[in-house]
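Participant:
In the working numbering, the protein residues as written are 147 to 731.
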């Protein structure tokens, strides 16, 4: 009889590893199934000709402040003691025709940097920083309150005014309302490519969460590279009784009577199919692949909601082995955003993220040679990244693929030589990664870096949650909430494990989220007020007996006096069309 584990984790990316570490720490039997021969997914390094290259990490946000959630999660598994984290020199530098600025990774520092370059924009700068800080802290507070949110009832829109008021706003839209100074907009949105390819689709609330986290606790790296995190967590799982099977590919997720119970996986070495069983199944594989792995009768419940979701962009990355550190050529900052001269407004970003000539794209040059990292004997390295999509790389012959890769590499090298004369002669090795590379390595469709695009309509309450429509099947990856990025995925894995440990099919937190943020598609939000006979105890019992979906539908039929709240002015009304006279509904 095949052993039944408490938790079966499909994939050993950071989401799966953090979930596995938490569950193993609490004494649960854990089995992790991983396609590759090493753990980590994007959190990895690789070696070529004496160079150690960081696969993807630029900087971790807010992991060096003991009071931060990121620090606490990392510290719980011994990461802060075992690995060597340190602050990077600055947040980023921006170099363009009209803008030349270096930004610090603190609220005080960034304000001083911005005012020095834009002295006439003090009001806009303060408004921006205040909004970012408020939304960032409101998001943290919202998550920390958990079931206590239920007690706030109709006061939620007041307590979380900025977060809710901007939930449907894009980053570009906020910037256009903030100022007419295009250079300031460009500066404030310089890192948009970290999370999206279009500032006018990118969620402003997510922008605040990410930027606020960096400014609150700083940007950090670690001497061991991101793979140090992956390796430590894998060892932690095994040290606490968990198992990891490498070189196995999940093909089917087993479901019986609406309950997930295991997975069929293919051993890439023995060429044999095997089955593993678990009480809880945690998917750290791409969401579309998870859906495909389910029995057909369960797939529609996923695709009906997320099937039309757009994917995030991919990337074209060049890894450079350097003869000498770049600072000897005249110096760079740790992370430098290089703008084409043609970019003069925020609306130019989308076009120059994906211009035909890769040398004319907005670039992110990361100079790892500035940092003290890895083994001291390792040689200096740097990388450059541009946004890319799979469309131009599909269905190419081997020869055409190689030629295209060489062409775009040359375009980028020519641009970097102009930016930093002597760059080309300082190279001893160049390695390239395309969207196809990303897809092959991570299995993410189209090489999507962050899973689903972090659009306004696909973030916050609209992103897949830890729990799925199939009982005992959970998600712990960048495809789910809160989104992509290493610390975000770490929190996703930790949150999923915490939800499993509660062992409740329904929690106050999940009910609150579904109740208070049901329809954000129009100009107003509406909340529900239930009759007093529906106590929390009764609601939980209903969900346990009937299941969350059925209980929710019954509760919605009992709603008393739904209240509509304008996202713009927060005026409350019982009539949606009268909620805000200043804006047509």
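All C-beta atoms, glycine included, are put in the ideal place defined by N, C-alpha and C.
Remember, predicted model here, so these are calculated numbers, not experimental data.
Do residue 685 and residue 169 come within 8 Å of each other at the CB atom, strictly closer than that value?
Facilitator: Not in contact: residue 169 and residue 685 (Cβ atoms no closer than 8 Å).
Participant: Roughly how many angstroms lie between the CA atoms of residue 410 and residue 467, to the nearest whole one?
Facilitator: Approximately 41 Å, taken between the alpha carbons.
Participant: State the beta-bridge partners of residue 238 as determined by DSSP.
Facilitator: 249, per the DSSP bridge assignment.
Participant: Roughly how many whole angstroms lie between the Cα atoms of residue 304 and residue 221?
Facilitator: Cα to Cα, residue 304 sits roughly 34 Å from residue 221.
Participant: Verify whether the separation of the beta carbon atoms of residue 371 and residue 200 is less than 8 Å.
Facilitator: Result yes, Cβ atoms of residue 371 and residue 200 sit closer than 8 Å.
Participant: Determine the DSSP secondary structure at residue 452, reduced to helix, strand or coil.
Facilitator: Here residue 452 sits in helix by DSSP.
Participant: Please classify residue 554: is it buried, with 16 or more other beta-carbons within 10 angstroms of its beta-carbon, or exposed?
Facilitator: Classification for residue 554: buried.
Participant: Cα separation between residue 673 and residue 586?
Facilitator: Here the model assigns residue 673 a pLDDT of 44, short of 50, so the residue's position is not dependable and the matter cannot be decided.
Participant: Which whole runs of the beta strand (DSSP E) in the region 583–614 are 3 residues long or more, in chain order?
Facilitator: If we require 3 residues or more, the region 583–614 turns out to have no beta strand (DSSP E) run fully inside it.
Participant: Which of helix, strand or coil does DSSP assign to residue 463?
Facilitator: In the structure shown, residue 463 sits in a strand (DSSP, three-state: E or B).
Participant: With burial defined as no fewer than 16 other Cβ atoms inside 10 Å of the residue's Cβ, what is the status of residue 297: buried or exposed?
Facilitator: Classification of residue 297: exposed, given that the 10 Å Cβ count is below 16.
Participant: Which whole runs of the beta strand (DSSP E) in the region 401–447 are 3 residues long or more, in chain order?
Facilitator: As far as the region 401–447 is concerned, its whole beta strand (DSSP E) runs of at least 3 residues are 405–413, 419–429.
Participant: Helix or strand or just coil, what does DSSP make of residue 536?
Facilitator: Reduced to three states, the DSSP call for residue 536 is coil.
Participant: Where do the N-terminal and C-terminal ends of the beta strand (DSSP E) with residue 621 fall, by residue?
Facilitator: From DSSP, the beta strand (DSSP E) with residue 621 extends over 619–621.
Participant: Indicate the three-state DSSP secondary structure (helix, strand or coil) for residue 375 in the structure shown.
Facilitator: Helix, per DSSP.
Participant: Taking the straight line between their C-alpha atoms, what separation do you get for residue 434 and residue 627?
Facilitator: Looking at the two C-alpha atoms, the distance is approximately 15 Å.
Participant: Could you pull the start and end residues of the beta strand (DSSP E) that residue 315 belongs to?
Facilitator: Per DSSP, residue 315 belongs to no beta strand (DSSP E) and is neither H nor E.
Participant: Just how far apart, CA to CA, sit residue 387 and residue 325?
Facilitator: Taking the straight line from one Cα to the other gives about 56 Å.
Participant: Just the C-alpha distance for residue 733 and residue 618, rounded to the nearest angstrom, thanks.
Facilitator: The structure shown does not extend to residue 733, since the chain spans only 147 to 731, so no value can be given for it.
Participant: Please classify residue 208: is it buried, with 16 or more other beta-carbons within 10 angstroms of its beta-carbon, or exposed?
Facilitator: Looking at its Cβ environment, which holds 16 or more other Cβ atoms inside 10 Å, residue 208 is buried.
Participant: When you compare only the Cα positions, how much space is there between residue 596 and residue 192?
Facilitator: Rounded to whole angstroms, residue 596 to residue 192 spans 21 Å at the Cα level.
Participant: Rounding to the nearest angstrom, what Cα-Cα distance links residue 588 and residue 161 in this structure?
Facilitator: So the alpha carbons of these two residues sit roughly 13 Å apart.
Participant: Quick check on residue 188: does DSSP put it in helix, strand or coil?
Facilitator: Three-state DSSP puts residue 188 in coil, outside helix and strand.
Participant: To which residues does DSSP link residue 481 through a beta bridge?
Facilitator: DSSP output for residue 481 lists 512 as bridge partner(s).
Participant: Going by other Cβ atoms of all chains shown within 10 Å of its Cβ, with 16 needed for buried, is residue 320 buried or exposed?
Facilitator: So residue 320 ends up on the buried side.
Participant: Apart from the five residues just before and just after residue 329, which ones in its own chain have a Cβ nearer than 6 Å to its Cβ?
Facilitator: So the qualifying residues of the chain are 244, 245.
Participant: For residue 289, tell me which candidate among 689, 692, 637, 688 has the shortest Cα-Cα distance.
Facilitator: Considering only alpha carbons, the answer is 637.
Participant: Are residue 392 and residue 182 touching if we call contact CB-CB under 8 Å?
Facilitator: Yes. Within cutoff.
Participant: Please classify residue 524: does DSSP put it in a helix, a strand, or coil?
Facilitator: Note: residue 524 maps to coil in three-state DSSP.
Participant: If I measure Cβ to Cβ from residue 506 and keep anything under 7 Å in the same chain, skipping five residues before and after, which residues do I get?
Facilitator: Once the five neighbours on either side are set aside, the close Cβ partners of residue 506 are 486, 498.
Participant: Considering only C-alpha positions, which residue in the set 632, 634, 625, 166 is nearest to residue 381?
Facilitator: The shortest Cα separation from residue 381 among 632, 634, 625, 166 belongs to 166.
Participant: What did DSSP end up calling residue 174 once you bin it into helix, strand or coil?
Facilitator: In this structure, residue 174 counts as coil in the three-state DSSP scheme.
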